[in-house]
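Colleague: One structure is given below, represented as structure tokens, and several questions about it will come after.
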Amino acid sequence: MEIGATKAVQDRLKTTKIEESKGALLVFCWDTHLTKIKGRNVLFIVNASNRYTIAMTDIEPRNWNYYTMYISRVIHGVMQEMGYSEDQIGQYFKMSGDTTVTKTHGRKSVGGINRMVMDAQYFDKKLDKEAKYQWELSEYLNRDICQPEGFDAYGHPSELFKLDMERLGIATKREPAKVIDFAQYIENNRGTND
Numbered sequence: 001m002e003i004g005a006t007k008a009v010q011d012r013l014k015t016t017k018i019e020e021s022k023g024a025l026l027v028f029c030w031d032t033h034l035t036k037i038k039g040r041n042v043l044f045i046v047n048a049s050n051r052y053t054i055a056m057t058d059i060e061p062r063n064w065n066y067y068t069m070y071i072s073r074v075i076h077g078v079m080q081e082m083g084y085s086e087d088q089i090g091q092y093f094k095m096s097g098d099t100t101v102t103k104t105h106g107r108k109s110v111g112g113i114n115r116m117v118m119d120a121q122y123f124d125k126k127l128d129k130e131a132k133y134q135w136e137l138s139e140y141l142n143r144d145i146c147q148p149e150g151f152d153a154y155g156h157p158s159e160l161f162k163l164d165m166e167r168l169g170i171a172t173k174r175e176p177a178k179v180i181d182f183a184q185y186i187e188n189n190r191g192t193n194d
């Protein structure tokens with residue numbers, strides 16, 4: 001797994017030398033950015049493939065010392081919250097390989113982070129003081145319609161994350177949505193409502 005670090009995160013980690021991305025599948029790449037939202041430090045953890053976003057606050061100093069472990073635990077916890085089994089989560093982490101901190105994963109990924117930061121400024125609720133994982137803010141951000149790097153169609157990050165898990169074979173494929181052909185529907189029902 002590659003954890004991309006923006007300049008703000010690199011400064012907080014007090015690191016000067018950071019690796020280039022080794023070209024891992026984007027679904028195994030998470031870019032991180034630290035910014036202030038409503039007067040609080042918020043760490044955005046954004047998947048490079050589907051733009052699924054996790055917003056965390058009040059990161060303790062010791063967690064910065066074990067950054068890759070901290071990010072892995074957060075992703076693990078959020079996947080549990082989403083309903084994935086321990087086997088599925090374990091499969092994801094096994095497929096993702098060793099965790100390393102790298103530079104961010106391209107302009108589109110960084111643009112996605114910037115979009116999430118901008119959207120977070122419009123979040124009209126207070127950040128939960130009792131929780132580190134800002135569930136409501138994360139849900140709000142994951143309802144944005146976007147076309148992230150890993151997809152050629154638009155969708156919500158929360159749905160695109162599920163599609164990525166299906167593509168990896170971690171989650172079973174869902175039935176496709178039933179689509180109504182309106183032209184055919186009108187033709188079939190013409191004259192029945194007269």
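Per the UniProt record's numbering: the sequence shown = residues 1 to 194. For glycine and all other residues, C-beta sits at the position ideal for the given N, C-alpha and C.
(1) Alpha carbon to alpha carbon, how far is E159 from M69? Give it in angstroms, no decimals.
(2) Can you tell me which of Y140, E187, I170, Q184 puts its alpha carbon nearest to the alpha carbon of S85?
(3) Apart from the five residues on each side of it in sequence, which residues of its chain come closer than 7 angstroms, Cβ to Cβ, to R12?
(4) Where are the alpha helix (DSSP H) runs, 4 residues long or more, that stay fully inside the UniProt domain "DUF6933" (3-159), in chain order?
(5) Answer with buried or exposed for P157, where buried requires no fewer than 16 other C-beta atoms within 10 angstroms of its C-beta.
(6) Quick check on this structure: which residue in N50, S21, E20 has the alpha carbon closest to the alpha carbon of F151?
(7) Just to confirm my understanding: we take V9, look at its own chain, exclude 5 residues before and 5 after, and list those with CB closer than 7 angstroms. What are they?
(8) Check whether the Cβ atoms of S109 and A183 sit closer than 9 angstroms, and answer yes or no.
(9) I need the straight-line Cα distance from Y140 to M82, nearest angstrom please.
(10) Tell me, to the nearest whole angstrom, how far the beta carbon of L127 is from that of I37; I am working on the premise that it is less than 8 angstroms.
(11) Where does R174 sit, in a helix, a strand or coil, going by DSSP?
(12) Out of curiosity, what's the CA-to-CA distance linking H76 and E60?
(13) Can you look up M1 in the DSSP assignment and give me helix, strand or coil?
Modeller: So, from the data block:
(1) Roughly 26 angstroms separates the two Cα atoms.
(2) Checking every option, the nearest Cα to that of S85 belongs to I170.
(3) Excluding sequence neighbours, R12 sits near L34, W64.
(4) The qualifying runs are 7-13, 61-65, 67-81, 86-96, 107-121, 135-141.
(5) Flag for P157 reads buried.
(6) The shortest Cα separation from F151 among N50, S21, E20 belongs to N50.
(7) The answer, listed in chain order, is T32, H33, L34.
(8) A183 is positioned such that its CB atom lies no closer than 9 angstroms to that of S109.
(9) Their backbone Cα atoms lie some 15 angstroms apart in a straight line.
(10) So it is a contact: roughly 7 angstroms between Cβ atoms.
(11) Three-state result, R174: coil.
(12) Distance between the alpha carbons of H76 and E60 is about 18 angstroms.
(13) In the structure shown, the three-state DSSP call for M1 is coil.
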